[in-house]
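To start, the structure under review is shown below, and the notes come after it.
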Amino acid sequence: MSAPGAEPTVTRTDADGVATLTLQRPALSHRLRTELLAAVREVAADESVRAVLLTGSGRAFCVGQDLAEHVDELRSERPDGAPSLSVVEAEYNPLMLALAALRVPLVVGINGACAGAGLGIALAGDLRVAAAGAKLTTAFAGIGLSSDSALASRLVHCVGGSRAAELLLLPEPFLAETAAEWGLVHRVVPAADVLAEATALATRLAAGPTLAYRAIKTVLATAATDGLEDTLALEASLQTDLGATADHREAVEAFLAKRPPVFTGR
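Numbers 663 to 928, taken from this note's numbering, label the letters of the sequence shown in order.
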């Protein structure tokens with residue numbers, strides 16, 4: 663976490679079962695990556711958290727690697743840059759795995775510019791709300807790199823291999839409105855409304871059937887790669903377990919009584 667007396671690069675607030683993590687800096691420095699990973703692991707272990715909202719502050723969501731910090735590392739190392747790029751395995755990969763492992767829905771509020779690893783982090787969300795006019799880009803090829811932060815995988819799943827290749831090979835900025843047309847974001851709202859819209863969405867999810875959401879995330883994680891028989895078997899197993907939950911019983915009884923269900927996550 664933050665050094666004593668230092669302003670945090672990631673803050674957390676909690677309300678109505680939603681843990682909101684806010685990036686206080688636009689660039690992914692070593693410190694921000696470390697604090698974000700710690701925060702994600704903290705909310706993952708908190709049983710009171712029923713949904714997570716990740717957003718940025720200011721005019722940008724996340725513009726990827728802190729290049730000023732990165733160039734200092736490159737200048738101090740051998741020409742092949744191997745030590746500086748080992749940060750992908752040491753820091754980016756654990757962060758992306760921690761985000762993917764969240765048992766509860768993850769909503770991302772893209773409040774502004776989103777580039778490189780920042781786009782990879784945004785696409786780790788289950789649902790994404792973006793600011794109108796916000797610019798997104800893969801960025802990596804523009805600085806002589808390929809991709810990290812699971813960006814290639816997420817793009818292929820979201821927009822298909824052909825468009826993913828175009829976005830990675832030609833890293834030109836595209837607007838949030840275009841991202842919505844492609845399915846990369848789910849809602850586009852005025853920049854001033856991103857936090858409120860994303861919070862409302864996360865709060866709605868936090869009041870929902872937590873165990874069912876976890877099962878949905880489990881199925882979606884492998885649905886694109888598993889065979890039909892494997893998917894059917896997984897669905898059957900999860901449905902059997904969910905059928906014995908209090909939330910399922912409550913939802914059926916509420917439907918018959920013509921009243922809204924009250925989910926408890928059990």
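Each residue gets a CB set at the ideal place from its N, CA and C atoms; glycine is no exception. Keep in mind the model is a prediction, meaning the values are calculated, not measured.
Alpha-carbon spacing of A681 relative to L831, whole angstroms: About 36 Å.
CA-to-CA distance, L813 to N755, given in whole angstroms: Spanning the two alpha carbons is a distance of roughly 11 Å.
Cβ contact check for the segment 907 to 922 and the segment 846 to 861: 3 or more pairs under 8 Å: Touching, no.
With 16 other Cβ atoms within 10 Å as the buried cut-off, status of Q727: It counts as buried.
Nonlocal neighbours in the same chain, by C-beta distance under 8 Å from D708, ignoring five residues either side: Taken in chain order, the residues that qualify are A681.
With 16 other Cβ atoms within 10 Å as the buried cut-off, status of S811: Around the beta-carbon of S811, 16 or more other beta-carbon atoms lie within 10 Å, marking it buried.
Cβ neighbours of L716 in the same chain (closer than 6 Å, five flanking residues each side left out): Sequence-distant Cβ neighbours of L716 in its own chain, meaning closer than 6 Å and more than five residues away, are L683 and V770.
Through-space distance from L759 to A777, alpha-carbon basis: Distance between the alpha carbons of A777 and L759 is about 19 Å.
Residue range of the unbroken beta strand (DSSP E) whose run includes I772: Per DSSP, I772 belongs to the beta strand (DSSP E) from L768 to I772.
Spatially closest choice to S824 from P835, A838 and W844, by CA coordinates: Residue W844 is the option with its Cα nearest to S824.
Reference F723; option with closest CA among F917, A752, I772 and G905: Residue I772 is the option with its Cα nearest to F723.
Sequence-distant residues of its chain with Cβ nearer than 6 Å to T671 (five each side left out): The answer, listed in chain order, is Q686, R687, R693, L694 and E697.
Contact set for V750: own chain, Cβ-Cβ below 6 Å, skip 5 residues either direction: Within its own chain, the residues whose Cβ lies closer than 6 Å to the Cβ of V750, once the five positions on either side in sequence are excluded, are D810, listed in chain order.
CB of V714 within 8 Å of CB of V725, strictly: Going by beta carbons, V714 and V725 fall outside the 8 Å limit.
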